[in-house]
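In the working numbering, the protein residues as written are -5 to 244. Right, one structure below, let's go through it.
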Amino acid sequence: MTPTDAPTTPAEIDLQRGSIVPGDPDLRIWPQLDQGSPEWIAARCGLLTASVIGKLITPSLKVADNETSRGLIEALVAERITQHVELINSTADMERGTLDEPYARDLYSAQYETVHEVGFAVRQIGLHKVGASPDGLVDSYGGIEIKSRKPKIHLRTILTDKVPAENMAQVQTCLLVFGRDWWDYTSYAGGWPLHVIRVYPDPAWQAVIKEALDTAEEKAAVMIADYRAITDGKPISPRIDHYEEMEMGI
-5 MTPTDAPTTP AEIDLQRGSI VPGDPDLRIW PQLDQGSPEW IAARCGLLTA SVIGKLITPS
55 LKVADNETSR GLIEALVAER ITQHVELINS TADMERGTLD EPYARDLYSA QYETVHEVGF
115 AVRQIGLHKV GASPDGLVDS YGGIEIKSRK PKIHLRTILT DKVPAENMAQ VQTCLLVFGR
175 DWWDYTSYAG GWPLHVIRVY PDPAWQAVIK EALDTAEEKA AVMIADYRAI TDGKPISPRI
235 DHYEEMEMGI
C-alpha cells in the first residue's frame, strides 16, 4: 500500500458533534467514525492517543526521554502545524489484524458479552486531551482490545496469562479515557481458542499516563513556539502528492 494523505482535515470534522456522555462532561465519543477512514484519521490528527502513548513511558513506569519519545512528540507537532497526517505503509501483521478483528469481536460476543463498536473518543484531562479508538465497548462498564497474533505469541499469552508489556499502556489509556471498570485484552489467532485477560484500572499506570501527557504537551508547546519564531514570515512550500501523480501516470 502506498502512503496517501488524509484528504479530510480536523477543521472539516466538527469535533463539537461528538456525543457527550451523561455524567461525564470531559468525555466525547464519535460512534459513527469508521476506524481507518479519512475522517477518523483527520479526527486523530495531532492528538496523543492510546495506541502510541506507550512510547512515552519506560518499562519501569517513568516518563521517557529518549529518541522514541521525542520522535513521537515531533510527529504530533508536525501534524498540528500542517494539519496533515503522513500515513505509514501497512505491514502484513497490520493487515492481518484488520482482517481478523471482526472475527475476534464476533467470537467474543458469542462467548462473553455483546460488543458495541465505537469509532473514536477524546477525554479532557486537566488542560490536555488524549484520544482512544477502542475495538469495542461492553455495556456501560467494560471494553475490549483485540490483538491478532502469530501462533507463537498467542501461545505465549495463553501460557503466561499476562498482557504483553508493550500493550499495557494502550489498555490502561483506554480504561482512563472511557472511565470503564475493566478492559478485556483479547488475543486471537485462527485455529486457536480465544484468550481473554481482564485488566482493571491501575493507579500507577494511570498516574504515569497523565504525567506523560502533561510532559509531552509541555514539550510540544515549546516546539511550536520555537518553530513559529524561526519561520515567521517565511513562505510555505506547496505539498505535492507524488504517489497520486504516479498512480495517474499508470
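We treat Cβ as the ideally placed atom computed from N, Cα and C, and that holds for glycine. All values reported here derive from a predicted model rather than from experimental measurement.
Selected residue, minimal CA-CA separation from residue i, among the options
{"i": "Ala198", "options": "Thr154, Thr180 and Met162", "result": "Met162"}
{"i": "Ile47", "options": "Ala58, Ala37 and Ala115", "result": "Ala58"}
{"i": "Tyr179", "options": "Glu205, Gly185 and Gln166", "result": "Gln166"}
{"i": "Arg117", "options": "Leu207, Asp235, Asp220 and Asp226", "result": "Leu207"}
{"i": "Arg99", "options": "Leu188, Arg233 and Gly227", "result": "Leu188"}
{"i": "Gly130", "options": "His148, His122, Tyr106 and Ile147", "result": "Tyr106"}
{"i": "Asp18", "options": "Arg174, Arg192 and Tyr221", "result": "Arg174"}
{"i": "Glu212", "options": "Tyr135, His122, Ala183 and Glu139", "result": "His122"}
{"i": "Ile282", "options": "Val79, Gly136 and Leu93", "result": "With the chain covering -5 to 244 only, the question about residue 282 has no answer from this structure."}
{"i": "Ala201", "options": "Leu170, Gly227 and Trp186", "result": "Leu170"}
Per DSSP, cross-strand counterpart(s) of residue i
{"i": "Tyr106", "result": "Its beta-bridge partners do not exist; DSSP assigns none."}
{"i": "Ala115", "result": "Ile23 and Ala126"}
{"i": "Leu131", "result": "His110 and Gly137"}
{"i": "Val190", "result": "Thr180"}
{"i": "Val71", "result": "In DSSP, Val71 forms no bridge with anything."}
{"i": "Ile57", "result": "The sequence shown places Val at residue 57, not Ile. Note: Val57 sits in a beta bridge opposite Ile51."}
{"i": "Ser13", "result": "Ile23"}
{"i": "Asp18", "result": "Val15"}
{"i": "Ser142", "result": "Tyr182"}
{"i": "Thr43", "result": "Gly125"}
Through-space distance from residue j to residue i, alpha-carbon basis
{"i": "Ser63", "j": "Ile51", "result": "8 Å"}
{"i": "Pro229", "j": "Ile203", "result": "38 Å"}
{"i": "Val216", "j": "Ala210", "result": "10 Å"}
{"i": "Pro145", "j": "Lys56", "result": "32 Å"}
{"i": "Ile218", "j": "Met88", "result": "32 Å"}
{"i": "Arg38", "j": "Glu61", "result": "22 Å"}
{"i": "Ile191", "j": "Thr225", "result": "49 Å"}
{"i": "Ile75", "j": "Leu149", "result": "43 Å"}
{"i": "Ser231", "j": "Leu66", "result": "24 Å"}
{"i": "Ile7", "j": "Gly227", "result": "Reliability of the predicted coordinates at Ile7 is poor, the pLDDT of 41 falling under 50, and no value is obtained from them."}
Short Cβ contact (8 Å threshold) for residue i with residue j
{"i": "Ala214", "j": "Leu70", "result": "yes"}
{"i": "Cys168", "j": "Trp176", "result": "no"}
{"i": "Gly91", "j": "Ser142", "result": "yes"}
{"i": "Trp24", "j": "Ala115", "result": "yes"}
{"i": "Ser103", "j": "Thr151", "result": "no"}
{"i": "Val193", "j": "Val157", "result": "yes"}
{"i": "Gly113", "j": "Gln164", "result": "no"}
{"i": "Ala183", "j": "Pro53", "result": "no"}
{"i": "Ile138", "j": "Val132", "result": "yes"}
Span of the alpha helix (DSSP H) around residue i
{"i": "Asp196", "result": "Where Asp196 is concerned, there is no enclosing alpha helix (DSSP H), given that its DSSP letter is neither H nor E."}
{"i": "Val165", "result": "Ala159 to Phe172"}
{"i": "Lys146", "result": "Pro145 to Thr154"}
{"i": "Pro32", "result": "Pro32 to Ala37"}
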